[in-house]
Amino acid sequence: MKIFLDSSNIEEIRPINKTGLIDGITTNPSLLAKQKGNFKEILKSIASEVKGPISAEVTAVKAEKMITEAKILQKIAKNIVIKIPLTMEGLIACNYLSKNKFKVNVTLCFSTNQALLAAKAGATFISPFIGRLDDIGENGLQLIRDIKTVYNNYNYTTKILAASIRSAEHVMEVSKIGADVATIPPKIFHSLYKHELTDQGLESFLSDWKKSGKQIN
Ligand code: G3P
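Start counting the sequence shown at 370; every next residue gets the next number (this note's numbering).
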């Protein structure tokens, strides 16, 4: 499974990217709005730090304006992927952009039918928001399973990008289901490698080694 970071903060992204495990970045208007400075410069620095797809979202609501914004966003860097909301206008824009060689991440997906339409519109990625579905008492993980079934039925190549991930358990579950990508907030990335028994084990290995007086040299 590919791992993207769901962040617009270069200071958070840079140290995690040093692991070599980050395959891309997703941003959204709320995340970018929190950052100080020019949003184009922020996206440019993220796109030069991380070599994979960097999702940047349009803010227009009409297809024509979305396409205009997509062209502006695409000029920021080659690896920018245009994020488009799952509305009728968004599907029109996605269809146009996909046919004109843009990569599109269709976002704010909350149903299998929405995901079916995004695939038909040529989306490169579909972003089902699992945490927000859980928030309203629905089952976000079931949506990932259902989209996978539909995409497999018709061999759609649109990648399932599990978004609105709120816990390490979400990451584990979407990887078991077979999501193509999980976009993970930095805090949750850190919780993936941490384990109490790893820390305890390391502490005792190092203290035994120190007591022995031996050295690796
Ligand atoms: O980037 C979109 C998405 O991951 C948002 O997550 O936690 O605001 O629902 P959240």
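Positions of the beta carbon are idealized from the N, C-alpha and C atoms, including for glycine.
query	result
Report the partner residues of A484 according to the DSSP bridge assignment.	None; A484 has no bridge partner.
Excluding the five sequence neighbours on either side, which residues of its own chain have a C-beta within less than 8 Å of the C-beta of N524, listed in chain order?	none
For N397, verify whether its CB is less than 6 Å away from any heavy atom of ligand 1.	yes
Here's the rule I'm using: 16 or more other beta-carbon atoms within 10 Å means buried, otherwise exposed. How should K468 be labelled?	exposed
Does the Cβ of A425 lie closer than 6 Å to at least one heavy atom of ligand 1?	no
Looking only at DSSP bridge pairs, what is D515 linked to?	Its beta-bridge partners do not exist; DSSP assigns none.
Hey, would you say the C-beta of D503 is under 6 Å away from at least one heavy atom of ligand 1?	no
Beta carbon of D375: closer than 6 Å to some heavy atom of ligand 1?	yes
Do F373 and G389 have their C-beta atoms within less than 7 Å of each other?	no
Is T476 closer than 7 Å to P454 when the C-beta atoms are compared?	yes
Sorted by chain position, which residues of the same chain lie with C-beta nearer than 6 Å to K485's C-beta, five sequence neighbours on each side aside?	Reading off the sequence shown, one finds Leu at residue 485, where the question assumed Lys. Answer for L485: V519, listed in chain order.
Which of the three DSSP states is assigned to I505 in this structure?	coil
Please state whether the Cβ-Cβ distance between T481 and D515 is less than 7 Å.	yes
Should A532 be counted as a contact of ligand 1 given a C-beta to heavy atom distance under 6 Å?	yes
Hey, how far is the Cα of Y562 from the Cα of V550?	18 Å
Since E542 sits in a beta bridge, which residues does DSSP pair it with?	Partner(s): none; E542 has no beta bridge.
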